[in-house]
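Written out below as structure tokens is the structure these notes cover.
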């Protein structure tokens, strides 16, 4: 198990979520429960135990990149987070097809992206626009 001193120094650790091991980056250290972001998925989880991660796995690049969706914004009534239905919509529409991500700008080290899908049969879809059409987002005034 990982001590909080080692965690603070390296940031990346191993965690168990639903019986599977993942690489995590500690967002907040608690007394009994810690908030960890899975570096290869970008999702937040509360875990009780942090484990030391082999140096090799600590140096591998993250498979998830913190980014924002270009030219759209969440609806004000949804508050600070995207609704679960929007995440489910994206997940359903991004599987089983070619996904293209185009970086259109950066705010510091956070890219703003456009997402396009190309199903095996069918035309390319601009997913940022689809989120607006499905009423999960609105066009933003400025980037």
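Residue numbers (this note's numbering): 3 to 145. The beta carbon of each residue, even a glycine, is placed where N, CA and C say it ideally should be.
Short Cβ contact (7 angstroms threshold) for residue i with residue j
i: residue 119; j: residue 134; result: no
i: residue 69; j: residue 19; result: no
i: residue 24; j: residue 14; result: no
i: residue 71; j: residue 130; result: yes
i: residue 29; j: residue 39; result: yes
Buried versus exposed call for residue i [16 or more other C-beta atoms within 10 Å across all chains shown]
i: residue 36; result: buried
i: residue 137; result: exposed
i: residue 73; result: buried
i: residue 106; result: exposed
Distance between residue j and residue i (C-alpha atoms, nearest Å)
i: residue 31; j: residue 67; result: 22 angstroms
i: residue 104; j: residue 128; result: 11 angstroms
i: residue 76; j: residue 54; result: 37 angstroms
i: residue 84; j: residue 44; result: 14 angstroms
i: residue 123; j: residue 99; result: 9 angstroms
i: residue 57; j: residue 88; result: 36 angstroms
i: residue 142; j: residue 82; result: 15 angstroms
i: residue 111; j: residue 21; result: 33 angstroms
i: residue 79; j: residue 140; result: 11 angstroms
Practice prompt. Only counting runs of 4 or more residues, tell me where the alpha helix (DSSP H) segments fall wholly within the stretch 65-128, in order along the chain.
Written response: Runs found: 86-96.
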